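Counting with the numbering used here, you get residues 1 to 272 for the letters of the sequence shown.
We treat Cβ as the ideally placed atom computed from N, Cα and C, and that holds for glycine.
Treat the numbers as computed from the prediction; the structure is a model and nothing was measured.
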Amino acid sequence: MSYIAFIAGLPDISADDRKLSITLKGFNEAAADYLSLKDRKMLDLLLLTEDNKQIVRLLQKQEPDANLDTVYPLTVLQNEVEGVEVSQLPSYLQSFIQDYNNGKIKEDQIAENVLAERYYKALQSCGNKFIAEYANFSMNLKNLIAALNCRKFGKSIADEIIGNNAFAAELKTSQLKDFGLTDGNEWVAQVVALMASPNLVEREKGLDCVLWNYLDEALTFKYFSVEILIAYVLKLKSLERWSKMDTESGRKVFSELVDKFRQSLKFGDQFE
């Protein structure tokens, strides 16, 4: 389906933007008048990462995180976890909640990783090739970051890797600096260099640029299609995250995340 009029009316965005000309909420409101139901569901699926985080918190009896911008209202997520209403959630989330509540998530498994793997499978099987390929890239990127952190701090790489593709297999077994993955994956060398930086902010911004570059290359020869909107949403989500960090509350959240990250891996004073 072509979205010529809608795409033409969207403001341009770039990785260097500091002030957003449109928010995710604004995009969703505008898109409601244009998108087919099928495409709307696909875009919603891409935005469920924060719902995933909130679901895990609720299942683990933690307080809800008010800073998470979920697709579904908090009351819906709470009711789903407590089983007090007919499910509105995608099947991967429904089955995860059921398995967790029924004790089918093993004690030695990391709940976030189990859910992340199911989420990527849902993206890969959503029926859109662009989203499936993006999901594979995103999973590989996250796995590489996890493997580099594990290697640096002496943790088991295999425990943190999700999925079972060839990329994941190399991360679990290779002793090479780049895990033998640079050939055919130019971005791997970029990520290895970024992860060696002690500056967390520069590192995170650099990793976002790796994702932006992937999306730009993947959009070659695609015009006014839903794929353009998919990439736009992913980029906008990235920009909105950094925009929030410019507020006082955002800086506080970021500082808390850094402190938590330090403590969990016993970094010491390695951040600027």
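- Task: Count the other CB atoms, across all protein chains shown, that sit within 10 Å of the CB of Ile-4; report buried if there are 16 or more and exposed otherwise.
- Result: As a first step, residue 4 is located in the sequence shown; it is residue number 4 there, counting from the start. Burial call: exposed.
- Locate the alpha helix (DSSP H) running through Ser-225, then write down its first and last residues. Residue mapping note: residue 225 aligns to position 225 of the sequence shown, counting from 1. It is not in any alpha helix (DSSP H) - Ser-225 carries neither H nor E in the DSSP assignment.
- Message: Out of Glu-186, Lys-25 and Gly-83, which one is the CA nearest neighbour of Val-71?
- Response: In the sequence shown, residue 71 corresponds to position 71, counting from 1. Taking only the C-alpha atoms, the option nearest Val-71 is Lys-25.
- Item | Straight-line Cα distance separating Ala-32 from Asp-183 | To locate residue 183, count along the sequence shown from 1; it is residue 183. To locate residue 32, count along the sequence shown from 1; it is residue 32. Rounded to whole angstroms, Asp-183 to Ala-32 spans 42 Å at the Cα level.
- Residue burial classification, Val-56 (beta-carbon count within 10 angstroms, cutoff 16): The residue you call residue 56 lines up with position 56 of the sequence shown. Per the 10 Å Cβ criterion, buried.
- If you compare alpha carbons, which of Asn-149, Leu-148, Arg-151 and Gly-163 is closest to Ala-135? Counting from one through the sequence shown, the residue named residue 135 turns up at place 135. The candidate whose alpha carbon is nearest that of Ala-135 is Gly-163.
- Item | Pair within 9 Å by beta-carbon distance, Ala-30 and Ser-238 | Locating residue 30 in the sequence shown gives position 30, counting from the first residue. Locating residue 238 in the sequence shown gives position 238, counting from the first residue. In this structure, Ser-238 does not lie closer than 9 Å to Ala-30 by Cβ.
- Query: Where does Lys-172 fall in DSSP's three states?
  - Reply: By one-based count along the sequence shown, residue 172 stands at place 172. If DSSP states are grouped into helix, strand and coil, Lys-172 belongs with the helices.
- Assuming Leu-171 contacts Asn-143 under a Cβ cut-off of 8 Å, what Cβ separation, rounded to an integer in Å, is found between them? One-based indexing of the sequence shown puts residue 171 at position 171. One-based indexing of the sequence shown puts residue 143 at position 143. About 6 Å separates the two Cβ atoms, so the contact holds.
- Item | Pick from Ser-138, Gly-154, Ser-156 and Leu-176 that is closest to Leu-215, judged by C-alpha positions | Along the sequence shown, read from residue 1 onward, the residue named residue 215 stands at position 215. The candidate whose alpha carbon is nearest that of Leu-215 is Ser-138.
- Would you kindly work out how many angstroms separate the C-alpha atoms of Lys-152 and Ser-174, rounded to a whole number? For the purposes of this step, residue 152 is identified with residue 152 of the sequence shown, where counting begins at 1. For the purposes of this step, residue 174 is identified with residue 174 of the sequence shown, where counting begins at 1. Computed Cα separation, rounded: 14 Å.
- Query: What do you reckon, are the CB atoms on Trp-187 and Asn-213 nearer than 9 Å?
  - Reply: Residue mapping note: residue 187 aligns to position 187 of the sequence shown, counting from 1. Residue mapping note: residue 213 aligns to position 213 of the sequence shown, counting from 1. Going by C-beta atoms, Trp-187 is nearer than 9 Å to Asn-213.
- Looking at C-beta atoms only, is the number of pairs between the region 114-122 and the region 38-57 that lie closer than 8 Å three or more? yes
- Run of the alpha helix (DSSP H) containing Val-201, from where it starts to where it stops: Against the sequence shown, residue 201 aligns to sequence position 201. Run containing Val-201: 200-218, per the alpha helix (DSSP H) assignment.
- Message: Our contact map puts Ile-13 next to Lys-244 with C-beta atoms below 8 Å; I'd like the distance itself, whole angstroms only.
- Response: Numbered from its first residue, the sequence shown carries residue 13 at position 13. Numbered from its first residue, the sequence shown carries residue 244 at position 244. Wrong, their Cβ atoms sit about 16 Å apart, outside the cutoff.
- Query: In chain order, what residues of the same chain lie with their CB nearer than 7 Å to the CB of Leu-77, ignoring the 5 residues before and after it?
  - Reply: In the sequence shown, residue 77 corresponds to position 77, counting from 1. Excluding sequence neighbours, Leu-77 sits near Asp-51, Gln-54, Ile-55, Leu-58 and Thr-70.
- Item | Rounded separation between Asp-44 and Leu-37 - CA only | Taking the sequence shown and counting its residues from 1, one reaches residue 44 at position 44. Taking the sequence shown and counting its residues from 1, one reaches residue 37 at position 37. Rounded to the nearest angstrom, the two C-alpha atoms are 11 Å apart.
- Message: Give me, in chain order, the residues of the same chain whose beta-carbon lies closer than 6 Å to that of Ala-147; leave out the 5 immediate sequence neighbours on both sides.
- Response: Translated into positions along the sequence shown, residue 147 becomes position 147. The residues are Ile-157 and Leu-171.
- Query: Exposed or buried, Pro-11, counting other C-beta atoms within 10 Å across all chains shown (16 or more means buried)?
  - Reply: Here residue 11 refers to the residue found at position 11 of the sequence shown. Label assigned to Pro-11: exposed.
- Message: Can you tell me whether Leu-77 is helix, strand or coil according to DSSP?
- Response: On the sequence shown, residue 77 is found 77 positions in, with the first residue counted as 1. Here Leu-77 sits in helix by DSSP.
- Item | Between the CA atoms of Ala-218 and Met-195 - distance to the nearest angstrom | Along the sequence shown, read from residue 1 onward, the residue named residue 195 stands at position 195. Along the sequence shown, read from residue 1 onward, the residue named residue 218 stands at position 218. Each residue's alpha carbon lies about 24 Å from the other.
- Message: Please list the terminal residues of the continuous alpha helix (DSSP H) segment that includes Glu-186.
- Response: Indexing the sequence shown from 1 puts residue 186 at position 186. First-last of the alpha helix (DSSP H) with Glu-186: 186-195.
- Query: Smallest Cα separation from Tyr-92: which of Lys-41, Arg-118 and Asn-67?
  - Reply: The residue labelled residue 92 in the question sits at position 92 within the sequence shown. The candidate whose alpha carbon is nearest that of Tyr-92 is Arg-118.
- Message: Does the beta-carbon of Lys-38, which I'm using as the reference point, lie nearer than 8 Å to any heavy atom of the ligand GTP?
- Response: With respect to the ligand GTP, the structure shown offers nothing to examine, as it has no ligands at all.
- Closer than 8 Å by C-beta to Val-191: which residues in its own chain qualify, once you throw out the five before and the five after it? Chain order, please. Locating residue 191 in the sequence shown gives position 191, where the first residue counts as 1. Around Val-191: Leu-141, Leu-144, Ile-145, Leu-148, Leu-207 and Val-210.
- Query: How long is the line joining the alpha carbons of Gly-103 and Leu-74, rounded to whole angstroms?
  - Reply: For the purposes of this step, residue 103 is identified with residue 103 of the sequence shown, where counting begins at 1. For the purposes of this step, residue 74 is identified with residue 74 of the sequence shown, where counting begins at 1. Straight-line Cα distance between these residues: approximately 23 Å.
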